[in-house]
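Here is the structure we will look at.
Numbering (our numbering), first residue to last: 18 to 142.
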């Protein structure tokens, strides 16, 4: 997986407004949050996204390590109705068309629960 990031979109000199990202550019989420804008992820970038490391214990319990923090992973509740996962791209211009791609049916659910003691111990005073 690639962990490098492309430069975030800058601001234009004349208007002070943010310039749109180049096609395929990876967005720096921290920069987007500072500017108060929502970051749009490209599906092709998410396909190679490494979220964390799956830890399978001898007991069979499973955890997900993300950024040095452990999340306990357990099966979620079963649903009696169908759910589908979709990827949506908002219109690039007012009145433009929205792209919607069906990725498939949801096969199951997982619940990832953070260890609150670990999170609080790592928080700055």
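We treat Cβ as the ideally placed atom computed from N, Cα and C, and that holds for glycine.
From a predicted model like this one, the values you see are computed outputs, not experimental measurements.
#### Entry: Span separating the alpha-carbon of residue 71 from that of residue 91
Along the chain shown, read from residue 1 onward, the residue named residue 71 stands at position 54. Along the chain shown, read from residue 1 onward, the residue named residue 91 stands at position 74. Those two C-alpha atoms are separated by around 12 Å.
Given a threshold of 16 other Cβ atoms within 10 Å of its Cβ, counted over all protein chains shown, does residue 139 qualify as buried or as exposed? Taking the first residue of the chain shown as position 1, residue 139 is located at position 122. Exposed: under 16 other Cβ atoms inside 10 Å.
Rounded to the nearest angstrom, what separates residue 134 and residue 110 at their Cα positions?
Position 117 of the chain shown holds residue 134. Position 93 of the chain shown holds residue 110. Distance between the alpha carbons of residue 134 and residue 110: 46 Å.
Report yes if the C-beta distance between residue 123 and residue 101 is below 9 Å; otherwise report no. For the purposes of this step, residue 123 is taken as the residue at position 106 of the chain shown. For the purposes of this step, residue 101 is taken as the residue at position 84 of the chain shown. Contact: yes.
| If you run the structure through DSSP and keep just helix, strand and coil, what is residue 71? | Within the chain shown, the letter at position 54 stands for residue 71. Three-state result, residue 71: strand.
Which residues does DSSP list as the beta-bridge partners of residue 134?
Position 117 of the chain shown, counted from the first residue, corresponds to residue 134. DSSP output for residue 134 lists no bridge partner at all.
- Output the distance between the C-alpha atoms of residue 129 and residue 112, rounded to the nearest integer angstrom. Taking the first residue of the chain shown as 1, we reach residue 129 at position 112. Taking the first residue of the chain shown as 1, we reach residue 112 at position 95. Their backbone Cα atoms lie some 38 Å apart in a straight line.
Original post:
Of all the options 96, 141, 132, which has the alpha carbon lying nearest to the alpha carbon of residue 86?
Top reply: Numbered from its first residue, the chain shown carries residue 86 at position 69. Looking at the Cα atoms, 132 is the closest of the given residues.
- Query: Cα separation between residue 137 and residue 74?
  - Reply: Here the question's residue 137 lines up with position 120 in the chain shown. Here the question's residue 74 lines up with position 57 in the chain shown. Cα to Cα, the separation comes out at about 24 Å.
Exercise for the section: Return the first residue and the last residue of the beta strand (DSSP E) that residue 106 is part of. Expected result: Locating residue 106 in the chain shown gives position 89, where the first residue counts as 1. Note, residue 106: beta strand (DSSP E), 101-106.
Cα separation between residue 103 and residue 119? The residue given as residue 103 occupies position 86 in the chain shown. The residue given as residue 119 occupies position 102 in the chain shown. Those two C-alpha atoms are separated by around 4 Å.
- Task: Assign residue 126 to buried or exposed, taking buried as 16 or more other Cβ atoms, counted over all protein chains shown, within 10 Å of its Cβ.
- Result: Taking the chain shown and counting its residues from 1, one reaches residue 126 at position 109. Exposed is the call here.
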